Each structure stands twice: as structure tokens, then as C-alpha cells.
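**Student:** Just so you know, the protein sequences line up as chains A and B, in that order. Per our numbering: the first sequence = residues 35 to 548. Per our numbering: the second sequence = residues 245 to 356. I'd like to ask some things about the structure below.
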Amino acid sequence: MSLAQKIFELFKKKEKIQTGGGQKALDKQASMGKMSARERIKTLLDPNSFHEYDLFVEHMCKDFDMDKKMLAADGVITGTGTIYGHPVGIFAQDFTVAGGSLGLMHARKITKIMDHAVKLGIPLIGINDSGGARIQEGVNSLAGYGEIFYRNTLASGVIPQISVILGPCAGGAVYSPALTDFVFVVDKISKMFITGPEVIKTVLGEEISMEDLGGARVQTEITGNAHFFSNSEVECFDQIKRLITFIPWNNNAKAKTFPPKSPKDNYKIVNIIPPISTKPYDIRNVIKALCDDSDFFEIQEGWAANIVIGFARLEGDTVGIVANQPMVMAGVLDVDSSDKAARFIRFCDAFNIPLITLVDLPGYLPGVDQEHAGVIRHGAKLLYSYSEATVPKITVILRKAYGGGYIAMCSRHLGADFVFAWPTAEIAVMGPEGAANIIFRNEIMNAPEPNEMRKLKVQEYTEKFANPYIAAANGHIDAVINPGETRDYLIHSLKISVNKSESRAKKKHGIPPF
Amino acid sequence: MGFHHFDMSKEENLKKLEIDSTLYETKLTSKYLNRKPVPIKDPRKLTAFIPGIIRKIHVREGMKIKPGDNLLVLEAMKMENIITSSIEGRVKKIYVKEGETIMRNHILIEIE
Numbered sequence: 035m036s037l038a039q040k041i042f043e044l045f046k047k048k049e050k051i052q053t054g055g056g057q058k059a060l061d062k063q064a065s066m067g068k069m070s071a072r073e074r075i076k077t078l079l080d081p082n083s084f085h086e087y088d089l090f091v092e093h094m095c096k097d098f099d100m101d102k103k104m105l106a107a108d109g110v111i112t113g114t115g116t117i118y119g120h121p122v123g124i125f126a127q128d129f130t131v132a133g134g135s136l137g138l139m140h141a142r143k144i145t146k147i148m149d150h151a152v153k154l155g156i157p158l159i160g161i162n163d164s165g166g167a168r169i170q171e172g173v174n175s176l177a178g179y180g181e182i183f184y185r186n187t188l189a190s191g192v193i194p195q196i197s198v199i200l201g202p203c204a205g206g207a208v209y210s211p212a213l214t215d216f217v218f219v220v221d222k223i224s225k226m227f228i229t230g231p232e233v234i235k236t237v238l239g240e241e242i243s244m245e246d247l248g249g250a251r252v253q254t255e256i257t258g259n260a261h262f263f264s265n266s267e268v269e270c271f272d273q274i275k276r277l278i279t280f281i282p283w284n285n286n287a288k289a290k291t292f293p294p295k296s297p298k299d300n301y302k303i304v305n306i307i308p309p310i311s312t313k314p315y316d317i318r319n320v321i322k323a324l325c326d327d328s329d330f331f332e333i334q335e336g337w338a339a340n341i342v343i344g345f346a347r348l349e350g351d352t353v354g355i356v357a358n359q360p361m362v363m364a365g366v367l368d369v370d371s372s373d374k375a376a377r378f379i380r381f382c383d384a385f386n387i388p389l390i391t392l393v394d395l396p397g398y399l400p401g402v403d404q405e406h407a408g409v410i411r412h413g414a415k416l417l418y419s420y421s422e423a424t425v426p427k428i429t430v431i432l433r434k435a436y437g438g439g440y441i442a443m444c445s446r447h448l449g450a451d452f453v454f455a456w457p458t459a460e461i462a463v464m465g466p467e468g469a470a471n472i473i474f475r476n477e478i479m480n481a482p483e484p485n486e487m488r489k490l491k492v493q494e495y496t497e498k499f500a501n502p503y504i505a506a507a508n509g510h511i512d513a514v515i516n517p518g519e520t521r522d523y524l525i526h527s528l529k530i531s532v533n534k535s536e537s538r539a540k541k542k543h544g545i546p547p548f
Numbered sequence: 245m246g247f248h249h250f251d252m253s254k255e256e257n258l259k260k261l262e263i264d265s266t267l268y269e270t271k272l273t274s275k276y277l278n279r280k281p282v283p284i285k286d287p288r289k290l291t292a293f294i295p296g297i298i299r300k301i302h303v304r305e306g307m308k309i310k311p312g313d314n315l316l317v318l319e320a321m322k323m324e325n326i327i328t329s330s331i332e333g334r335v336k337k338i339y340v341k342e343g344e345t346i347m348r349n350h351i352l353i354e355i356e
């Protein structure tokens, strides 16, 4: 056979496998409003950057007549490519091939690309669209999942791991995305659950649709399992591309520096903050007034909205922002908001992204439901991750910083490098009302006009303690600054912190209150 | 299912939230608004801790019972759970029948 013939033979072999489950199955995938696995990779990566590996891998199952079946690429496409020039490892499960079911060789293709990504120090993107375990392969299929979970865990904190749910992802399969850093879902396409509606109906008698059980909205607004919601696959890929620009390739690298830009003129701090500290405002406008080009990339927007987290740039460099949101639940800390912020802080710390914390909170949310849901254990995660983080930590106290909430929001006491406060800051053990009621309890009770006396005492407390100057007098904050100077202070603090180093006692790993 | 979408640009839908005697103006999440009051356990009213099927009822209304007495068998997740009394008393009312499928927190037996 001549070389030309051999090359033609290769072309024919590749062409056959690249049609996945065949035209009929591809048409069915399209009729569900879903792109094919190959289209997804093509849309997400830079044009012509995708290089595929293991195209000819075949399963080795002999039971249930499986030896007579050829599954194209064993139902998963793996390779490397680039996004805006950034290298990434990628795999995409192909639902048109045996429902994207996971057998041992399918899993081995995934673990191989994962190992590559870790060795090369590049982010890994996994596109999940699978009916689950390939039942015919029995325990081998479970082995495959386990090998993936193991690698997800070892890669955690070494390379950024991104999961995209573009179809069903059920049973044990959900745990790979759950172990990764960012999970993307698309409305009406993504479905994640451990036990499906059928099982729930049989065992518990409760009826629920797949969408209401584990659809995209549920995962982004109720469970917090997913970080990004979108209305279409194309929108979802745009979000992933944007994320890639904010994060480094691995834990030994820094995120790419962009040309510095000023915030947009229409975001002015003085116009955003109401003078009365019980009145709300949207903290995201403050973030936009501080960051380059007013460009804030929010994460987990729909879940635990009382805390806002996300990436932005200051003078061209990526920062992670954690901020209380007075517009939602007065910005209180609770079970979910503590979880949300704590995990984000650990991501930033692992990947050399400085942390900016904006504080305006009345404290923790009171309630039996919160106590019973474990607000002690969950709240502790926030303290843990802030204290553990060794990246530059800069805190700005805008208005309220009361009690345990003050400590938790990256106070000096948890190792903040710089703490700045606006003149509107109220750094105190609790709000004036509550404090006056306790401290002046007897005077109020015994006064001829208790309400008048209470008002008087609240005012007295407010004047004396609801300000930043007592904390400043004790050195707990470094400077009381004009809000208009905040961006300058942040940029300067970041610049002088580039070589920050902190030594800690040697340990295998800490034991965070999971 | 009520999903919350916040239009931060509008000042409407602002509610009051009390923290440490101070009222804050803010938006409340549907999770907060839909939170269920935590029921205070009354040992005289036995409820199902898990949804399932009543397999057997060992007592009749009016029967005297001691702590530890078997009251009924609740099958859930293929497990038979023997429900016992934690107090002494008399069976006032039985709210379920053998073979009946019940949901979580369904009242089973009342003791007086």
C-alpha cells in the first residue's frame, strides 16, 4: 500500500469514528437543542486549536454481546487546545455513543487527559453529557468513576478544574463536577442528581420533575452546586472563556496581566452609599466603581446572594472579591453565604489571587433554622479559609462591621495585611440599638419615659462607638480613608504585596470544618 | 418552586429584617421567606421521621402502653423501622392503617 493509500485509510477510519453515534443519533441530539460533543469543543476552543488523542480507543467489554458493538471513541472525546491562547486540557462525553455511558476505557481516556493537564500545569475542562455508568461493564464502570474522582482530588489546588454539565449527570457521576472548582449549567439542558425522580417516587412516594429536582436553576439558586447559569450552550462557553482570562494556568503561575483601565465614569462611590446604615444599596456597584473598566465577573450570582464573590482586575491584575450585599438579607452571614465565600477564598489562595474584602454587615442571621442547619460549623469555614490564606489580603470596611461578622470578614485578627475603613464605618460589638438595650438596660427600665431614655442612650452609643476611630486608636485598622481614595489604596497595597511571604508551621494539611 | 431574582436597580420589594434590635431595609430571599418553623417535639404525638408504608400496627386505641413498647412498623427504604413509645400512657388515637403509604411528618399515633 502506498503512503497516499495509507493516509487515505487513516482518513476513512477517523471519519467513521468522528461521526460518533451516527447521523440519526446526532440529529436526535440536535433536536433536544444540544450541540454534539465535537461542536461543543469546536465552539469553546480557539479555531483549529483542538488536538484530539485516543480517538481509536475501544472498550474491552465482552458480556451482554458488547464484543459485537463498536462504540466510537468509547463515547468520549479528549484532547488539548487553547482559549484566547491559554492552553487547556478538555474532554467531552458524547451522548450519541451509547448515551455517553461511562465504561472503563471511556474513564481511562478521561484520567489520561487529567494526568496530562496536571503534568503540563494547564486547566482542565470536562463537558459532561452522560446517562451514567455503562451497566454492561459492571464494576469496571464504577472503577472508572473512582479513578476520575481520585484525580479530581489530587488535581484540586494544582490546576483549575472546570465542569460543564450539558445533559444528564446523575448518580455517582455528579461527584466529579462536585470536586471541581467551577460548575457551569445551561437552562433546560443540565440535570444533576444523585437519585432520579423515578427512584424518589418508588421509594418515597414523592413526585417531582427532573427539572425541579436538579435542573440548572435548582443547582444555581437552591443547592449552590453550580456556579454559572446560562440560557444557551453558546452563552455558557462565553462564560467559560471569560473565566479563563481571570485565572492562572496552575498553582505556580499568576493570572495574566491585562492593560490597566480606569473604572467607568458612571460608577461613583459617593452616589452609591446611602448615609443611613440600615438602608440598602447594591454592593456590586461599589465593586464596579473600584475595579478596572468596571468589569466584575460574578460567581454564584443566584445562590446566597447576601454575599457577593467574583473576579475583577485592579491595575490589570486579577483579584478575588468577597463582599457583603446589603441589598439582600441586609448582607448577613449565614450557612450558605459562609460556604460560598469560604470555598472561593480557598480557590484564590490556592491560585495566587489576592483577596479584597468589602465589609458591610450587621452580623449573623438569627434563627432556629440557621442554628439547626449548622451555622456554627459552616460559619467556621469562613474563619478557617481567611486565616489559612497567605495571598495578599486587603479589607475595606464601608459601613457596619459588627460582632462576629466583623471578625469573620477578613479582619486584621484573621491575618489581613491591610485594613482600611471609610469614615462611615461602624466597628463595634453590635449595632447601637442592641448595644444600648443591654448596656443601659437598668437605666432604660427605671426611667420615667423608657422609650425616650432608650433613644437617648442609643444616640449616646452611636456617637461614641459607631465609628471607625476606636478601632483605629487600637491599631485594628490601618487607615481611615476617603471613599474616593479606595482604589488608590487597594492598588498601592497590592503593588507592595507582590513579594509577600508568610511562613506557617509545617503540616500535612489542615482539617477545615467541612 | 419560587426562585428569587433580584432586580437590584429597583428599590421596590424592600422589607424589614431585624438583627440585634435594629431594623434593616433589604430584600429577603425566597429561602428565608419559605423557611419552615422548626416543630417542637411532643412525645405524645408520634410522627413519621421518614416517608414509607405502615407494615404492622401493634396497638389499639385505648390500650395502655409503657416506654419501649412497640407501637407499629414503618417500612422505608426497604428497612423495617419499629416505632416505640418513649412515654407511659394510653393510645388516644391511631391516625394510620396497615398498608397505608405516608409522607414524612405524617402523624401516626397520639398518646394521652
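Every residue gets a Cβ at the ideal spot worked out from N, C-alpha and C, and that includes glycine. Only a predicted model underlies this, so the values are computations on that prediction, with no experimental measurement involved.
1. If we cut at 8 Å on Cβ distances, does residue 353 of chain B have a partner in chain A?
2. Can you give me the Cβ contacts of residue 344 of chain A inside the same chain, cut-off strictly under 7 Å, excluding the 5 residues immediately before and after it?
3. Around the C-beta of residue 358 of chain A, are 16 or more other C-beta atoms found within 10 angstroms, so that it is buried, or is it exposed?
4. At a CB distance below 7 Å, what residues from the segment 283–305 of chain B approach chain A? Give them in sequence order.
5. In its own chain, which residues sit with a C-beta less than 6 Å from the C-beta of residue 510 of chain A, not counting the 5 before and 5 after it?
6. Assign residue 391 of chain A to one of two classes, buried (16 or more other C-beta atoms within 10 Å of its C-beta) or exposed (fewer than that).
7. State the beta-bridge partners of residue 195 of chain A as determined by DSSP.
8. Please list the residues of the segment 454–487 of chain A that have a C-beta atom closer than 7 Å to any C-beta atom in chain B, keeping them in chain order.
9. Among the residues of its own chain, which have a CB less than 6 Å from the CB of residue 159 of chain A, if the five just before and after it don't count?
10. For residue 325 of chain B, write down the residues that DSSP places opposite it in a beta bridge.
11. How would you list, in chain order, the residues of chain B whose beta-carbon sits under 8 Å from the beta-carbon of residue 496 of chain A?
12. Are any of the Cβ atoms in chain B nearer than 8 Å to that of residue 282 of chain A?
13. Terminal residues of the continuous alpha helix (DSSP H) containing residue 276 of chain A?
14. Hey, out of A:247, A:127, A:388, whose CA is closest to residue 109 of chain A's CA?
15. Does the beta-carbon distance from residue 201 of chain A to residue 223 of chain A come in below 8 Å?
16. Quick check on the DSSP output: what are the complete alpha helix (DSSP H) runs of length 4 or more inside the segment 443–480 of chain A, in order along the chain?
17. Closest Cβ-Cβ distance between residue 312 of chain A and chain B: below 8 Å?
18. Assuming residue 136 of chain A and residue 87 of chain A make a contact with CB atoms under 8 Å, what is their CB distance in whole Å?
19. Beta carbons nearer than 7 Å to chain A: which residues of the segment 308–321 of chain B have them?
20. Which residue comes first and which comes last in the beta strand (DSSP E) that contains residue 45 of chain A?
21. At what residues does the alpha helix (DSSP H) containing residue 210 of chain A begin and finish?
22. My parser needs the alpha helix (DSSP H) runs of 4 or more residues fully inside the segment 339–390 of chain A; what are they?
23. In whole angstroms, give me the CA-to-CA distance for residue 260 of chain B and residue 272 of chain B.
24. Give me the residue from A:403, A:209, A:57, A:424 with the minimum Cα distance to residue 185 of chain A.
25. How far does the alpha helix (DSSP H) with residue 414 of chain A in it reach, from first residue to last?
26. Just to confirm, is the Cβ distance from residue 388 of chain A to residue 342 of chain A under 8 Å?
27. Using a Cβ cut-off of 8 Å (strictly closer), state whether residue 107 of chain A contacts chain B.
28. Mind checking the segment 228–241 of chain A against chain B and listing, in chain order, the residues whose C-beta falls within less than 8 Å of any C-beta there?
29. Bridge partners for residue 332 of chain A per DSSP, in chain order?
30. Would you say the beta carbon of residue 535 of chain A comes nearer than 7 Å to a heavy atom of the ligand MG?
31. Closest by CA to residue 459 of chain A, which one among A:393, A:439, A:487, A:409?
32. With three or more C-beta pairs closer than 8 Å as the rule, is the segment 412–422 of chain A touching the segment 361–376 of chain A?
33. Report the rounded CA-to-CA distance for residue 277 of chain B versus residue 84 of chain A, giving the unit in angstroms.
34. Hey, would you say residue 340 of chain B sits closer than 8 Å to residue 303 of chain B, going by beta carbons?
35. Please report the distance separating the alpha-carbon of residue 308 of chain B from that of residue 331 of chain B.
36. Thinking residue 69 of chain A and residue 245 of chain A are a contact (beta carbons under 8 Å), I'd like their distance in whole angstroms, please.
**Tutor:** This is what the structure holds:
1. In the second sequence, counting from the first residue as 1, residue 353 of chain B sits at position 109. Interface with chain A (8 Å Cβ-Cβ cutoff): residue 353 of chain B is excluded.
2. Against the first sequence, residue 344 of chain A aligns to sequence position 310. Once the five neighbours on either side are set aside, the close Cβ partners of residue 344 of chain A are 330, 331, 332, 333, 355.
3. Position 324 of the first sequence, counted from the start, is the residue given in the question as residue 358 of chain A. Answer is buried; the Cβ neighbour count reaches 16.
4. Residues passing the 7 Å Cβ filter: 295.
5. What you label residue 510 of chain A is simply residue 476 of the first sequence in a count that begins at 1. Closer than 6 Å at Cβ, skipping near neighbours: 446.
6. For this step, residue 391 of chain A is matched to residue 357 along the first sequence. Counting other Cβ atoms within 10 Å of its Cβ, residue 391 of chain A reaches 16 or more and is therefore classed as buried.
7. Taking the first sequence and counting its residues from 1, the one referred to as residue 195 of chain A is at position 161. Answer by DSSP bridge pairing, in chain order: A:158.
8. Cβ contacts with chain B: 464, 465, 467, 468, 471.
9. Here the question's residue 159 of chain A lines up with position 125 in the first sequence. Excluding residues within five positions, the ones whose Cβ falls inside 6 Å are 122, 124, 196.
10. Sequence index remark: in the second sequence, residue 325 of chain B carries index 81 (1-based). Beta-bridge pairing links residue 325 of chain B to B:318.
11. As a first step, residue 496 of chain A is located in the first sequence; it is residue number 462 there, counting from the start. Under the 8 Å cutoff, chain B gives no residues; its nearest Cβ is about 11 Å from residue 496 of chain A.
12. Here the question's residue 282 of chain A lines up with position 248 in the first sequence. Closer than 8 Å: no.
13. By one-based count along the first sequence, residue 276 of chain A stands at place 242. Note, residue 276 of chain A: alpha helix (DSSP H), 267–280.
14. Working through the first sequence from its first residue, we reach residue 109 of chain A at position 75. For residue 109 of chain A, the nearest C-alpha among the options comes from A:127.
15. Within the first sequence, the letter at position 167 stands for residue 201 of chain A. Within the first sequence, the letter at position 189 stands for residue 223 of chain A. Contact flag set, yes.
16. Correct list: 466–473, 475–480.
17. Stepping through the first sequence from its first residue, residue 312 of chain A is reached at position 278. So, interface residue.
18. Here residue 136 of chain A refers to the residue found at position 102 of the first sequence. Here residue 87 of chain A refers to the residue found at position 53 of the first sequence. For residue 136 of chain A against residue 87 of chain A, the beta-carbon gap comes to about 18 Å, at or over 8 Å, which does not count as contact.
19. Only those residues of the segment 308–321 of chain B whose C-beta falls short of 7 Å from the nearest C-beta of chain A are listed: 321.
20. For the purposes of this step, residue 45 of chain A is taken as the residue at position 11 of the first sequence. Run containing residue 45 of chain A: none in the beta strand (DSSP E); it sits in the alpha helix (DSSP H), 37–52.
21. On the first sequence, residue 210 of chain A is found 176 positions in, with the first residue counted as 1. Here the alpha helix (DSSP H) through residue 210 of chain A covers 209–213.
22. Counting only unbroken stretches of 4 or more residues, the alpha helix (DSSP H) elements lying wholly within the segment 339–390 of chain A are 369–384, in sequence order.
23. On the second sequence, residue 260 of chain B is found 16 positions in, with the first residue counted as 1. On the second sequence, residue 272 of chain B is found 28 positions in, with the first residue counted as 1. Taking the straight line from one Cα to the other gives about 8 Å.
24. The residue given as residue 185 of chain A occupies position 151 in the first sequence. That would be A:209, whose Cα lies nearest to the Cα of residue 185 of chain A.
25. As a working mapping, residue 414 of chain A is identified with position 380 in the first sequence. Its alpha helix (DSSP H) spans residues 409–422.
26. To locate residue 388 of chain A, count along the first sequence from 1; it is residue 354. To locate residue 342 of chain A, count along the first sequence from 1; it is residue 308. Judged by their CB atoms, residue 388 of chain A and residue 342 of chain A are not nearer to each other than the 8 Å cut-off.
27. Translated into positions along the first sequence, residue 107 of chain A becomes position 73. For residue 107 of chain A, the answer is no, since every Cβ of chain B falls outside 8 Å of its Cβ.
28. Per Cβ criterion, the list reads 237, 238, 239, 240.
29. As a first step, residue 332 of chain A must be located in the first sequence, where it is residue number 298. In the DSSP assignment, residue 332 of chain A forms a beta bridge with A:344.
30. As presented, the structure is devoid of all ligands, the ligand MG included, so that no description of it is given.
31. Taking the first sequence and counting its residues from 1, one reaches residue 459 of chain A at position 425. Scanning A:393, A:439, A:487, A:409 for the CA closest to the CA of residue 459 of chain A turns up A:393.
32. They touch, by the three-pair rule.
33. Along the second sequence, one-based indexing puts residue 277 of chain B at 33. Along the first sequence, one-based indexing puts residue 84 of chain A at 50. If you draw a straight line from the Cα of residue 277 of chain B to the Cα of residue 84 of chain A, it is about 48 Å long.
34. For this step, residue 340 of chain B is matched to residue 96 along the second sequence. For this step, residue 303 of chain B is matched to residue 59 along the second sequence. No. Outside cutoff.
35. Counting from 1 along the second sequence, the entry for residue 308 of chain B is found at position 64. Counting from 1 along the second sequence, the entry for residue 331 of chain B is found at position 87. If you draw a straight line from the Cα of residue 308 of chain B to the Cα of residue 331 of chain B, it is about 11 Å long.
36. In the first sequence, counting from the first residue as 1, residue 69 of chain A sits at position 35. In the first sequence, counting from the first residue as 1, residue 245 of chain A sits at position 211. That belief does not hold up - the Cβ atoms of residue 69 of chain A and residue 245 of chain A are roughly 20 Å apart, past 8 Å.
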